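Trainee: Sharing a structure here in structure tokens format.
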Amino acid sequence: MKIENIELYYLSMPKILDEADGSQDALIVKLEAGGLVGWGECEASPLTSIANFICPKSHSAANPIITSVLNKDINNLDDVKKIINEVKHKSLMIAQTPHTFSGIEVALLDLLGKKEQCPIYSLLGYEKTTPKVAYASVLFGKTPQETFNIAKSIKEKNFRAIKFGWQNFGKNIQLDEEHLIAAREAIGQELHLMVDVGAIWGTNIEEAAKRNNIFNNAKITWLEEPFYSDAFFEYSELYKKTNLPLAGGESCHSIESAKNMIRFGKVKFIQIDAGIAGGIIAGKEICDFAENCDVQYVNHTFTSHLQLSASLQPYADSSKSFFAEFPQQLKSLAWDLTDNHISLDNNGNINIPEEIGHGMKINKKALEQYKVDVDIYINKEKVF
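Numbering-wise (the numbering used here), the sequence shown opens with residue 36 and increments by one.
Structure below.
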């Protein structure tokens with residue numbers, strides 16, 4: 036088979052809010068070959084990635100991604116790896132490339148799974164899946180009382196873990212402590228509590244370290260993204276000073292950037308998004324490396340259940356890596372994108388779909404409902 040057609044769908048909520056919620060828009064990839072269709076999702080700025088996909092060539096290492104994918108063979112995993120390598124070489128100097136291609140790679144594997152009539156995880160060498168402990172991924176409340184209420188409602192849904200993030204956490208240590216006390220009081224001592232501060236402290240080690248006591252008192256499972264994703268020195272120094280279990284990696288846009296976060300950032304949990312890091316195959320390599328370093332691999336997902344399924348595939352049957360991010364505050368776009376969804380079981384786990392490909396069925400009506408019309412012309416010629 037050859038890749039005969041690629042379509043990108045820019046989807047958006049009617050109004051984009053200034054909040055840390057990546058489910059407000061989406062870039063969906065449709066890929067056709069041999070009468071089969073594969074679907075993927077980029078974790079990306081949609082218009083930026085569309086430009087990356089069709090832009091004019093600047094030089095030999097700055098080509099549009101479409102030239103490395105369209106009309107290429109897609110018969111087995113080796114063909115996918117050839118495309119991966121060609122994209123890396125020919126679009127190397129365009130910074131957006133990993134974000135854009137990640138969604139294309141997911142679509143390639145979805146299509147290949149349909150060809151082979153197997154789930155994507157089988158293509159990676161797994162024979163079965165292992166349930167993951169789902170942590171409800173939510174934003175901190177605007178007040179400690181709101182955080183308490185959110186945490187209480189999550190516990191009542193049978194979750195065994197909850198992660199609070201962003202909002203204004205990290206700016207006022209007294210208020211931070213009140214949020215943590217509220218969260219822990221609501222969920223009790225048995226549930227895991229994770230904290231994601233969204234790189235609020237930049238590279239300020241002391242600002243992070245001064246919260247060591249309140250994090251320890253709250254018995255957090257990990258502190259996520261205290262610094263910028265490439266601040267490996269700061270990550271390692273914070274760990275030396277506090278021994279806090281650190282997590283990060285959602286911004287890693289390559290296999291090597293993730294490996295370096297493990298090598299030099301001293302994280303205990305590496306969080307990888309299949310829509311950013313290069314795709315599912317990249318995630319599998321990162322997972323293998325992480326587990327050999329006694330680091331847990333965790334999916335990063337704050338968008339649709341298509342992306343959730345894709346990001347779970349790299350560690351489908353791993354028993355060493357057992358947590359899974361399970362977003363609970365999705366905008367309607369992200370929820371409506373698929374006709375089926377991954378659900379929490381009675382044990383507080385989620386299970387990777389057993390269906391062929393990534394197992395998620397696209398809601399065609401949602402593609403029309405949330406579609407943003409984009410026309411791009413270069414020298415009066417329509418290129419998108």
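Every residue gets a Cβ at the ideal spot worked out from N, C-alpha and C, and that includes glycine. Keep in mind that this is a model prediction, so the values were computed, not measured.
Who does aspartate 60 pair with in a DSSP beta bridge?
Mentor: Answer by DSSP bridge pairing, in chain order: Ser47.
Trainee: Residues in the same chain with beta-carbon distance under 7 Å from leucine 127, minus the five sequence neighbours each way, listed in chain order, please.
Mentor: Same-chain partners within the cutoff: Ala96.
Trainee: Throw me the rounded Cβ distance for the threonine 132 and isoleucine 100 pair, which I believe falls under 8 Å.
Mentor: Yes, threonine 132 and isoleucine 100 are in contact; Cβ-Cβ is about 7 Å, under 8 Å.
Trainee: Measure how close the beta-carbons of serine 346 and aspartate 308 come, nearest whole angstrom, since I'm counting them as under 8 Å.
Mentor: So it is a contact: roughly 6 Å between Cβ atoms.
Trainee: How many Å lie between aspartate 408 and tyrosine 45 at the Cα?
Mentor: So the two alpha carbons sit approximately 8 Å from each other.
Trainee: CB glycine 462 to CB isoleucine 391, shorter than 8 Å?
Mentor: A question about residue 462 goes unanswered here, because the residues of the chain that appear run from 36 up to 419.
Trainee: So alanine 359 and lysine 190 are in contact, right, with Cβ under 8 Å, and what is the actual spacing, rounded?
Mentor: Alanine 359 to lysine 190, Cβ: 18 Å. No contact.
Trainee: Alpha carbon to alpha carbon, how far is tryptophan 257 from glutamine 342? Give it in angstroms, no decimals.
Mentor: The alpha-carbon atoms of glutamine 342 and tryptophan 257 are separated by roughly 23 Å.
Trainee: Beta-carbon separation of lysine 254 and leucine 281 under 8 Å?
Mentor: Against a cut-off of 8 Å, the Cβ pair of leucine 281 and lysine 254 comes out as no contact.
Trainee: Tell me which residue opens and which closes the alpha helix (DSSP H) that methionine 229 is part of.
Mentor: That residue, methionine 229, is in no alpha helix (DSSP H); its beta strand (DSSP E) goes 227-231.
Trainee: Glutamate 403: which of Asp371, Met229, His124, Tyr412 sits nearest, CA to CA?
Mentor: The candidate whose alpha carbon is nearest that of glutamate 403 is Asp371.
Trainee: Rounded to the nearest angstrom, what separates asparagine 375 and glycine 318 at their Cα positions?
Mentor: Rounded to the nearest angstrom, the two C-alpha atoms are 24 Å apart.
Trainee: Flag this pair as yes or no: are the beta carbons of valine 115 and leucine 143 separated by less than 8 Å?
Mentor: Yes, the Cβ-Cβ distance between valine 115 and leucine 143 is below 8 Å.
Trainee: With DSSP run on the structure shown, which of helix, strand or coil describes asparagine 414?
Mentor: Coil at asparagine 414, not helix or strand.
Trainee: Given a cut-off of 8 Å on the beta-carbon distance, is the pair isoleucine 38 and valine 104 in contact?
Mentor: The answer is yes: Cβ separation under 8 Å.
Trainee: Expressed to the nearest angstrom, what Euclidean distance is found between the alpha-carbon atoms of methionine 296 and alanine 266?
Mentor: Taking the straight line joining both Cα atoms gives about 9 Å.
Trainee: Distance check for isoleucine 413 and phenylalanine 324, CA to CA, integer angstroms please.
Mentor: Whole-angstrom Cα-Cα distance: 43 Å.
Trainee: Can you tell me where the beta strand (DSSP E) holding valine 141 begins and where it ends?
Mentor: Where valine 141 is concerned, there is no enclosing beta strand (DSSP E), although the alpha helix (DSSP H) it sits in stretches over 132-151.
Trainee: Enumerate in chain order the residues of its own chain whose CB-to-CB distance from isoleucine 249 is below 8 Å, with the five nearest sequence positions on each side excluded.
Mentor: Here the set comprises Ile208, Asp211, Glu212, Leu215.
Trainee: Tell me the rounded alpha-carbon separation between glutamate 242 and glutamate 416.
Mentor: Cα to Cα, glutamate 242 sits roughly 53 Å from glutamate 416.
Trainee: Give me the Cβ distance between lysine 177 and glutamine 202, rounded to the nearest whole Å; I'm assuming they're in contact under 8 Å.
Mentor: Going by Cβ atoms, the distance from lysine 177 to glutamine 202 rounds to 7 Å, so yes, they are a contact pair.
Trainee: Would you tell me roughly how many angstroms separate the C-alpha atoms of glutamate 67 and lysine 301, rounded to the nearest one?
Mentor: Their Cα atoms are separated by approximately 41 Å.
Trainee: Identify whether proline 91 lies in helix, strand or coil by the three-state DSSP scheme.
Mentor: Residue state, collapsed to three classes: coil.
Trainee: Buried or exposed, going by whether 16 or more other CB atoms sit within 10 Å of the CB of phenylalanine 262?
Mentor: Phenylalanine 262 should be labelled buried.
Trainee: Take leucine 112 as the anchor and find which of Glu285, Gly160, Val230 has the nearest alpha-carbon.
Mentor: The option with the nearest alpha carbon to leucine 112 is Gly160.
Trainee: Where DSSP assigns a beta bridge to isoleucine 41, which residues make up the other side?
Mentor: Isoleucine 41 is bridged to Leu66.
Trainee: Beta carbon of alanine 312, beta carbon of threonine 277: below 8 Å?
Mentor: Not closer than 8 Å, so no.
Trainee: Does the distance from the C-beta atom of cysteine 328 to that of proline 349 stay below 8 Å?
Mentor: Not closer than 8 Å, so no.
Trainee: Cα-Cα, which of Asp231, Ser80, Thr336, Ser157 is closest to isoleucine 316?
Mentor: Measuring from the Cα of isoleucine 316, the nearest candidate turns out to be Ser157.
Trainee: Report buried or exposed for histidine 94, applying the criterion of at least 16 other Cβ atoms within 10 angstroms of its Cβ.
Mentor: Looking at its Cβ environment, which holds fewer than 16 other Cβ atoms inside 10 Å, histidine 94 is exposed.
Trainee: Starting from serine 346 and walking both ways along the alpha helix (DSSP H), at which residues does that stretch end?
Mentor: Its alpha helix (DSSP H) spans residues 340-347.
Trainee: If you measure between the beta carbons of glycine 205 and isoleucine 240, is that distance less than 8 Å?
Mentor: For glycine 205 and isoleucine 240, no; Cβs fall outside 8 Å.
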